[in-house]
Amino acid sequence: MTNSHVNANFSKRLRIFKNGDDSFGGKQIVISQRATKSWDAFLAQVTNQLDSNVAVRSIHTPVNGTAITSMDQLSDKLDYVAVTTGTFRKLK
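Going from the sequence shown to our numbering is simple: count from 1 and add 861.
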């Protein structure tokens, strides 16, 4: 068994912020690639855990706004911004 195969099943702890909401302190979310099988399922999970009335459509890094497009691009114990509508806004 290779290390890349073993690492594929580990969970990741993320802190997700709401785009444009400077008063929101972020929400800790734990994801598992075994339980969350697709990017769309991950976006739906984030939408539910943020109690958002509007579906999360994209995830970005908080400083540069780099768009994240797959679970492989998410890193354990880092912060991300969830965007529902409009464009990404940097965290203050």
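All C-beta atoms, glycine included, are put in the ideal place defined by N, C-alpha and C.
Looking at the backbone, the Cα of ASP937 and that of ARG874 are separated by about 5 Å. Residue pairing by DSSP places PHE878 opposite VAL942 in a beta bridge. As a beta-bridge residue in DSSP terms, SER919 pairs with VAL944. Counting the other CB atoms within 10 Å of its CB gives ASN880 a total of 16 or more, which places it among the buried residues. In this structure, DSSP gives VAL891 an extended state, which the three-state scheme calls strand.
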